[in-house]
Amino acid sequence: MTRSLAMAVALAALTLAATTGCSSSSSSSPSSGGSTAAASTSAGSASSAATGTGTAVTVKETEFKLALSTTAFKPGAYTFVAQDAGTVSHALAIEGPGVPMQQTPILAPGGKADLSVTLKPGSYELWCPVDGHKALGMDTHITVA
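This is the structure:
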C-alpha cells in the first residue's frame, strides 16, 4: 500500500508540474485537442447545465464506478466536473475522436476538478487513471451523435 501511495503522490506531482508548466503560457487558447483541465474549488453542483465552456456534466467518482449526470451527448463543448465522492483518491480521463487522452489532477476524497473538451460525433472513453481503478470498474463509454 505504501508503494501505491508513493506512486499516487508522484503522479500527482507530475500532473501538477505539467499543469503549472502549461499555465505559465501567455496564450489563452486550448491545446490542439481542444481540451483543458483545471482544478475547481466551487461548492456548487453542476449537472447538465450550460456553462461558459459548454455543457457541464457531473461525473461522480466512487469505489469503483463512474456516475454521469447525463448519458445523451450531441457534438459541442462540454465541461466534465469530476467529483471524488469516494474514500480514496481518484481522477478522470477522457479519450476519443479529436480528443487525445486528457485527465484531471488526482483528487483527494471530496475534491473536484473540471475537464473541458469539445466532442465530435463518435465514441469516447472516460475512466479513472489511478492505480488500476479502471480495471476495477471505473470505466465507461459515451456516444456523441
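With mature numbering (1 follows the signal peptide of the UniProt record, and there is no 0) applied, the sequence shown covers -17 to -1, 1 to 128. Built from N, CA and C at the ideal position, the CB exists for glycine as well.
Asked	Found
Excluding five sequence neighbours on each side, which residues of the same chain lie with their C-beta closer than 6 Å to the C-beta of residue 103?	58, 80 and 81
Is residue 62 helix, strand or coil when you go by DSSP?	strand
Does DSSP put residue 83 in a helix, a strand or coil?	strand
Between the Cα of residue 63 and the Cα atoms of 49, 40 and 114, which residue gives the shortest distance?	40
So, residue 91 versus residue 106, is the Cβ gap smaller than 7 Å?	no
What is the DSSP secondary structure of residue 109, reduced to helix, strand or coil?	strand
When the Cα atoms are used, what is the spatial distance from residue 109 to residue 75?	7 Å
For residue 60 versus residue 36, is the C-beta distance shorter than 7 Å?	yes
Work out the CA separation of residue 44 and residue 113 for me, nearest whole Å.	12 Å
Nearest by alpha-carbon distance to residue 47: which of 67, 77 and 53 is it?	67
Of the choices 93, 95 and 100, whose alpha-carbon is the least far from that of residue 85?	100
Just the C-alpha distance for residue 52 and residue 38, rounded to the nearest angstrom, thanks.	11 Å
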